[in-house]
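These protein sequences, in sequence, are chains A and B. Heads up, the first sequence is in my numbering, so the first residue is 1 and it goes up one at a time. Heads up, the second sequence is in my numbering, so the first residue is 1001 and it goes up one at a time. By construction, the Cβ of each residue, glycine as well, lies at the ideal position given by its N, Cα and C atoms.
2 protein chains.
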Amino acid sequence: MASFVQRGKKIVAIGRNYAAHAKELNNATPKEPFFFLKPTSSYLATGGAMEIPTGVVAHHEVELGLIIGKRGRDISQADAESHVAGYTLAVDMTARNLQDKVKKQGLPWSAAKGFDTFTPIGSFIPKTSVPEPHDLRLSLKINGITKQDGTTADMIFRIPRLIEHISSIMTLEEGDLILTGTPSGVGPVVAGDKVECVLADGLGKELDTLDFTA
Amino acid sequence: MASFVQRGKKIVAIGRNYAAHAKELNNATPKEPFFFLKPTSSYLATGGAMEIPTGVVAHHEVELGLIIGKRGRDISQADAESHVAGYTLAVDMTARNLQDKVKKQGLPWSAAKGFDTFTPIGSFIPKTSVPEPHDLRLSLKINGITKQDGTTADMIFRIPRLIEHISSIMTLEEGDLILTGTPSGVGPVVAGDKVECVLADGLGKELDTLDFTA
Ligand SMILES: [Mg+2]
Ligand SMILES: [Mg+2]
Ligand SMILES: [Mg+2]
Chain A
1 MASFVQRGKK IVAIGRNYAA HAKELNNATP KEPFFFLKPT SSYLATGGAM
51 EIPTGVVAHH EVELGLIIGK RGRDISQADA ESHVAGYTLA VDMTARNLQD
101 KVKKQGLPWS AAKGFDTFTP IGSFIPKTSV PEPHDLRLSL KINGITKQDG
151 TTADMIFRIP RLIEHISSIM TLEEGDLILT GTPSGVGPVV AGDKVECVLA
201 DGLGKELDTL DFTA
Chain B
1001 MASFVQRGKK IVAIGRNYAA HAKELNNATP KEPFFFLKPT SSYLATGGAM
1051 EIPTGVVAHH EVELGLIIGK RGRDISQADA ESHVAGYTLA VDMTARNLQD
1101 KVKKQGLPWS AAKGFDTFTP IGSFIPKTSV PEPHDLRLSL KINGITKQDG
1151 TTADMIFRIP RLIEHISSIM TLEEGDLILT GTPSGVGPVV AGDKVECVLA
1201 DGLGKELDTL DFTA
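Rendered as structure tokens:
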């Protein structure tokens, strides 16, 4: 599944999976998981240049990504881990001003989340390198200043629950990416910014890095 | 592009593109096009059986589909036709009760639109067989009774405008499907129903049929 960027057909992104992030945007903590889709045309490989369209306020959301390795529908929590091939470090870029507008109007989030280059991603990390995905450190700096620094221990809905929920609605296929939500600290990325993200294990060992410019 | 079901990575579906349909759901007529994404895991080939999940009110929306044949971003209206490989007859099935709920909450439409089997589709129709895509008849019957019967002449935003709009946000790729909106007459499909759709040209000649059971 190292080729998930080429092979994968969908990106399923969970909203509000960290209580501190839900709160910072004045949203209620969800009672069950919810998700939106991003197109795979929004991928940006590490080292790349993000495009921020004119008039868009683009916010960073650093997230742990799960790469699906085995197709499945109605996957139980007990079986969920067997469907994960590995992980990646990702940023769910969001046109926050457009999202705020469509939320008020009851319209879809797809454009606000779907611009080209709005899903920067790192390397494929095989699951054998990640013994405990619920004890990882996610951090993001802009121009050397830390903006997000959270732990996957704070997820409201843990990985098996997310896989159970999504697959109760749609088949998960090889190469699909699940974004698991962002910790607090989201904010704007503007032209000229250098963004650097790190995924580390519970002991502080780096598992992957991801950087891009705007 | 006859293999769009296997090759395509996204389904981009336009909302409220027929005034009579916007009105029947008490929605305003949009001032510019908007869209949502459906996963390709929701495809159902003609002749198939739709799954309606427990508690879901599933509405039919018969639509003209455009199959992209050439990758592009920021496609002009003048160039739009050169990116279309052909057409298909499709139904954008919608969990209307879930959609109504998330609209009120400002949440994404992705689950309401994304269940497995919620995008029944017909054959690939090469564009050489369709000289005027804005003069096609779209109809849908349930158990022999006509529920939808509209013409693509009534689209609020025509095909070049839709391609221009979507590609101003995201790259369109070979095999992607664009659903162009539904005429009025949407309503529920329930277990045991037989659904039959026809796409015909302006003279009434059948271009394709699509049927499924629920
Ligand atoms: Mg996010
Ligand atoms: Mg997709
Ligand atoms: Mg529709």
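- Any heavy atom of ligand 3 counts here; residues with a Cβ closer than 5 Å to one of them, in chain order, are B:E1061, B:D1092, B:T1182.
- Distances from the alpha-carbon of P39 (chain A) to those of B:V1056, B:M1170, B:L1203, B:T1209 put B:M1170 closest.
- Between V56 (chain A) and A80 (chain A) the beta-carbon gap is near 35 Å, outside 8 Å, which marks them as no contact.
- Of all residues in the region 1029 to 1041 of chain B, only F1034, F1035, F1036, L1037, P1039, T1040, S1041 come within less than 7 Å of chain A when Cβ atoms are compared, listed by chain position.
- Here the distance from the Cβ of L66 (chain A) to the nearest heavy atom of ligand 1 is not below 7 Å.
- Under a criterion of Cβ atoms nearer than 7 Å, the residues of chain A adjacent to G1106 (chain B) are, in order, K103, K104, G106.
- Between H1059 (chain B) and P1183 (chain B), the CB-CB gap reaches or exceeds 8 Å.
- With fewer than three CB-CB distances shorter than 8 Å, the region 1120 to 1128 of chain B does not count as touching the region 1015 to 1027 of chain B.
- In this structure, ligand 1 has a non-hydrogen atom nearer than 7 Å to the beta-carbon of A13 (chain A).
- Across the structure, T1046 (chain B) and G1204 (chain B) are spaced so that their CA atoms are roughly 21 Å apart.
- Burial state of A153 (chain A) is exposed, judged by a 10 Å Cβ sphere holding fewer than 16 other Cβ atoms.
- With fewer than 16 other beta carbons inside 10 angstroms of its own, P1131 (chain B) counts as exposed.
- Contacts with chain A (Cβ-Cβ distance below 7 Å) from the region 1143 to 1174 of chain B involve I1169, M1170, T1171, E1173, listed in chain order.
- Taking a C-beta cut-off of 7 Å against chain A, the contacting residues of the region 1113 to 1128 of chain B are G1114, F1115, D1116, listed in chain order.
- The Cβ atoms of E206 (chain A) and S76 (chain A) lie no closer than 8 Å to each other.
- For P120 (chain A), DSSP records a beta bridge to A:L44.
- In terms of Cα proximity to A85 (chain A), the closest of A:S3, A:L136, A:A13 is A:S3.
- P1108 (chain B) and F36 (chain A) do touch by the CB rule: their CB atoms are close to 4 Å apart, below 8 Å.
- In the DSSP assignment, G204 (chain A) falls outside any alpha helix (DSSP H) and carries neither an H nor an E.
- Against chain A, a Cβ distance below 7 Å from S1110 (chain B) picks out F35, F36, L37.
- At least one heavy atom of ligand 1 lies closer than 7 Å to the C-beta of E63 (chain A).
- Within chain A, not a single residue places a beta-carbon under 7 Å from that of R1137 (chain B); the smallest gap is close to 28 Å.
- Beta-bridge partners assigned by DSSP to E1063 (chain B): B:A1090.
- A distance below 8 Å separates the beta carbons of G1175 (chain B) and I1068 (chain B).
- Here R16 (chain A) carries a coil assignment [DSSP, helix/strand/coil].
- Residue A:K127 holds the alpha-carbon nearest to the alpha-carbon of S82 (chain A) among A:K127, A:I156, A:D193, A:T117.
- Relative to ligand 1, the beta carbon of L179 (chain A) is positioned inside 7 Å of a heavy atom.
- With distances taken between CA atoms, T1151 (chain B) lies nearest to B:E1063 out of B:E1063, B:M1050, B:R1073, B:T1209.
- By the CB criterion at 8 Å, F1034 (chain B) and G1015 (chain B) fall inside the cutoff.
- Between Y18 (chain A) and I156 (chain A), the gap from beta carbon to beta carbon is short of 8 Å.
- Using a CB distance cut-off of 8 Å, R1096 (chain B) does not count as an interface residue toward chain A.
- Here V1195 (chain B) is actually not in contact with L1136 (chain B); their C-beta atoms are around 19 Å apart, not less than 8 Å.
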